[in-house]
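There are 2 protein chains.
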Amino acid sequence: MRDGSKTKELIARTSLHLFVEKGITETTIRDIAAAAGIAEGTLYRHYESKDQLAWELFSENYVSFARELDRVQEEYDTLKDKLAAMIRRFCAFFDQDPVLFSYLLLAQHHQLKKVTPDMETAVTVLQKVIAQGMAKSEVPEMEVELAAAMVLGVVLQVAVFKAYNRINQDLSHLGEILVDTCWRVLVGNGTP
Amino acid sequence: MRDGSKTKELIARTSLHLFVEKGITETTIRDIAAAAGIAEGTLYRHYESKDQLAWELFSENYVSFARELDRVQEEYDTLKDKLAAMIRRFCAFFDQDPVLFSYLLLAQHHQLKKVTPDMETAVTVLQKVIAQGMAKSEVPEMEVELAAAMVLGVVLQVAVFKAYNRINQDLSHLGEILVDTCWRVLVGNGTP
DNA sequence: CTAATAAATGAGTGAACGCTCACATTTAAG
DNA sequence: CTTAAATGTGAGCGTTCACTCATTTATTAG
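Line order of the protein sequences matches chains V and S.
Using the numbering used here, read the first sequence as starting at 2 and increasing by one per residue.
Using the numbering used here, read the second sequence as starting at 2 and increasing by one per residue.
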């Protein structure tokens with residue numbers, strides 16, 4: 002028996018790369034097969050369908066990252082520390098696998114609408130942490146969704162620009178800037 | 002002779018709506034024709050192809066908005082005022098046509114990659130304004146692309162959440178929060 | 001009215017898609 | 001070695017897509 006799991010991993014890596022580069026709909030089975038150097042039929046020995054392949058790549062990575070963020074924030078007591086830890090974890094993820102990271106970014110908007118009915122996301126963790134901090138008056142009160150959107154916006158957009166090599170700063174420096182900036186975003190608004 | 006320009010407008014409005022809702026690739030000619038109540042062939046009396054239709058909707062609106070932003074910022078002298086004016090114009094655009102607005106947001110990432118080789122965008126205007134402000138020491142020096150990314154991130158992500166009705170604040174209030182927050186993002190970092 | 005032109009139509013076309021399946025090849029067990 | 005299961009293969013299937021074109025319908029000019 003050939004080692005099928007090797008092939009499955011190859012398909013996962015290759016298709017992930019193509020999904021990020023061209024989008025899911027624009028990536029064909031033939032594209033994946035050609036890039037991975039396998040026959041089209043082989044893909045179906047390991048995945049039920051293209052949709053199932055996309056879903057598996059997405060849910061595995063996304064859910065596990067959200068859980069990890071949740072674990073990270075629990076190790077700290079104040080909103081400031083929780084936030085900093087989450088952002089650093091975010092940067093580490095980006096550093097370790099920019100392709101996968103971009104894929105998860107992509108997913109937030111359109112591509113996986115059909116596939117993703119409703120899912121516990123990293124955003125939920127962020128909102129929870131912010132809400133707790135406001136309850137303890139660590140930052141001024143304001144609409145939690147709005148606060149989360151602003152923090153998320155800073156981090157995501159910087160990540161997108163960095164992924165396209167539009168930003169030169171190294172990642173560790175960038176991480177500290179993000180930590181500072183996001184904190185400043187939170188403490189400045191609202192009616193204290 | 003029937004009034005063909007009416008039909009062209011109908012096609013433009015209908016297809017724009019579908020492009021935003023489902024994405025360009027996922028929207029078929031049959032979808033557009035059915036939604037507009039016309040035959041498939043009729044679309045081709047007014048547009049060369051689906052790509053050309055998408056491109057025309059995109060470029061018309063996008064380029065004109067970027068030009069408008071540029072005009073708006075020229076009416077003010079300081080970075081703070083320029084930025085505030087641009088953000089308010091941004092909110093006004095969102096208020097006036099959230100569908101079109103979302104479409105332009107969408108476009109930034111993948112959907113129009115083939116169609117958009119390289120284009121003078123609203124981001125460029127933002128970068129120019131920030132660079133001028135730094136040159137005049139209105140805000141601390143830092144990498145312009147990074148500063149622009151953070152400001153853009155705040156505004157865009159809030160717009161996305163607002164578009165999905167995840168934020169309750171009314172737009173005028175939201176606009177002022179964004180103006181304050183973005184300014185705070187710019188003045189806090191860097192090495193003054 | 002009639003003729004000429006512009007606009008609208010929808011069945012039809014070739015290409016590309018996701019996916020299947022009969023068959024070939026490799027591996028593991030007895 | 002023999003055998004059976006697991007895995008890989010690629011031509012081909014049915015479907016859907018963007019797009020075409022011969023024809024019909026609406027509009028204007030004389």
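All residues carry an ideal CB built from backbone N, CA and C; glycine is no exception.
This structure is a prediction, so every number in the text was calculated from the model and none was measured.
query                                                                                                                        : result
Segment limits, alpha helix (DSSP H) that includes Lys163/V                                                                  : 145-164
Ser50/S, buried or exposed, once every other Cβ within 10 Å from all chains shown has been counted against 16                : exposed
Rounded separation between Lys163/V and Ala67/S - CA only                                                                    : 23 Å
Spatial distance of Ser103/V from Phe20/V (CA atoms)                                                                         : 10 Å
Reduced DSSP category for Asp181/V - H, G, I as helix; E, B as strand; rest coil                                             : helix
Residues within the stretch 124-147 of chain S neighbouring chain V, beta-carbon criterion of under 9 Å                      : Met143, Glu144, Glu146, Leu147
Reference Glu76/V; option with closest CA among Leu11/V, Leu101/V, Val130/V, Lys9/V                                          : Val130/V
Within 8 Å, strictly: CB atoms of Val152/S and Leu187/S                                                                      : yes
Where Asp78/V sits in the DSSP three-state scheme                                                                            : coil
Residue range of the alpha helix (DSSP H) that includes Gln128/V                                                             : 123-136
Ile25/S, DSSP secondary structure in three states                                                                            : coil
Cα-Cα separation, Pro99/V to Gln74/S                                                                                         : 35 Å
Inter-residue CB distance, Leu172/V and Asp96/V (contact presumed, cutoff 8 Å)                                               : 5 Å
Where Ile168/V meets chain S, residues with beta-carbon distance less than 8 Å                                               : Glu144, Glu146, Leu147, Ala150
Three CB pairs or more closer than 8 Å across the stretch 80-87 of chain V and the stretch 130-143 of chain V                : yes
Below-8 Å beta-carbon distance, Phe91/V vs any chain S residue                                                               : no
Touching by the beta-carbon criterion (3+ pairs, under 8 Å), the stretch 174-183 of chain V and the stretch 23-33 of chain S : no
Check whether Arg89/S and Gly189/V have beta carbons under 8 Å apart                                                         : no
Under 8 Å between C-beta atoms of Ile33/V and Thr8/V                                                                         : no
Residue interval of the alpha helix (DSSP H) (run including Glu228/S)                                                        : Given that chain S is displayed from residue 2 to residue 193, the structure contains no residue 228/S and the question cannot be resolved.
Chain S contact for Gly38/V (CB, 8 Å cutoff)                                                                                 : no
Three-state secondary structure (DSSP) of Glu142/V                                                                           : coil
Alpha-carbon spacing of Glu10/S relative to Tyr63/S, whole angstroms                                                         : 17 Å
Reduced DSSP secondary structure (H/G/I, E/B, other) of Ser173/V                                                             : helix
Within 7 Å of chain V by C-beta, residues of the stretch 176-191 of chain S in sequence order                                : Ile178, Asp181, Thr182, Arg185, Val186, Gly189, Asn190
8 Å CB neighbourhood of Ala149/S in its chain, flanking five on each side removed                                            : Val124, Leu127, Gln128, Ile131
Burial state of Ile12/S, where buried means 16 or more other Cβ atoms lie within 10 Å                                        : buried
Counted within 10 angstroms of its Cβ, other Cβ atoms place Gln158/S as buried (16 or more) or exposed                       : buried
Endpoints, the alpha helix (DSSP H) within which Asp204/V is located                                                         : Because residue 204/V is not part of the residues shown, which for chain V are 2 to 193, the question remains open.
Local Cβ density within 10 Å of Tyr48/S, reported as buried at 16 or more and exposed below that                             : buried
Beta-carbon neighbours of Val100/V, restricted to chain S and to distances below 9 Å                                         : Correct list: empty, because the minimum Cβ distance to chain S is about 14 Å.
Three-state secondary structure assigned by DSSP to Asp71/S                                                                  : helix
Near-chain S residues of the stretch 7-41 of chain V (beta-carbon distance less than 7 Å), N- to C-terminal order            : Gly24, Thr26, Glu27
CA-to-CA distance, Thr122/S to Val161/V, given in whole angstroms                                                            : 16 Å
Beta-carbon spacing of Cys92/V, Gly154/V below 8 Å                                                                           : no
Sequence-distant residues of its chain with Cβ nearer than 8 Å to Val156/S (five each side left out)                         : Ile88, Phe91, Leu179, Cys183
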